[in-house]
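If you're matching positions, the sequence shown starts at 390 in our numbering and goes up one per residue. One structure is given here, and the rest of the page talks about it.
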Amino acid sequence: MLIGLFRKPSANAVAAVLALAASGVALTFTNPSSEDFKSYAGGQLVSLISDELCDGGLPMVLQLWVKDCPRLILDQEPALAELAGQFSRRLNFGFASVYTTEIGGQDLLPTLRLPQYSVTTLGIAGQFVILHSSSDAGKIE
């Protein structure tokens, strides 16, 4: 009696299910790794720190001492990538990942506190998209 109640699925329904499954498998294989994220985050940190400190954010004494601030920050990209990896949490859904990074806020010198950044990033299909970011201005006296 139950056999008569079920209909054979249409070709369109089968095609849609297969396309959805194939998309899920493709997204799973292209989900960026933690290493990919560290590399991406290191580049983002270089850009943020260069903008924040090198464009007039350094005290005059440090500006005289540091001749090429952007280059100095760029040279620190591997260390900044590792730092981002240490201060990030990954929520892995298989087909995509959400990374939450909270970094900064430490006192660098008695008169200089690093800005604090909080960023939520989506990693999907081999790409990264920033979903939310916030920062404080740090402190320079």
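The beta carbon of each residue, even a glycine, is placed where N, CA and C say it ideally should be.
- If you look at serine 486, you'll find it in the beta strand (DSSP E) that goes 485–493.
- By alpha-carbon distance to threonine 417, the top candidate from Phe484, Thr490, Gln516 is Phe484.
- With contact defined as three or more Cβ pairs closer than 8 angstroms, the region 466–479 and the region 433–443 are in contact.
- When the beta-carbon positions are compared, phenylalanine 517 and threonine 509 stay at least 8 angstroms from each other.
- The Cβ-Cβ distance between leucine 503 and glycine 512 does not fall below 8 angstroms.
- Boundaries for phenylalanine 395: no beta strand (DSSP E) harbours it, and the DSSP string shows neither H nor E there.
- In the DSSP assignment, glutamine 505 falls outside any alpha helix (DSSP H) and within the unbroken beta strand (DSSP E) covering 505–513.
- Residue burial is scored here from C-beta neighbours: serine 486 has at least 16 other C-beta atoms within 10 angstroms and is therefore classed as buried.
- Around the beta-carbon of phenylalanine 426, 16 or more other beta-carbon atoms lie within 10 Å, marking it buried.
- Here alanine 404 is exposed. Its C-beta has fewer than 16 other C-beta atoms within 10 Å.
- Bounds of the beta strand (DSSP E) holding leucine 480 are 477–481.
- One thing to note: cysteine 443 has its Cβ within 8 angstroms of the Cβ of proline 459.
- A residue is called buried when at least 16 other Cβ atoms come within 10 angstroms of its Cβ; leucine 469 meets this threshold and is buried.
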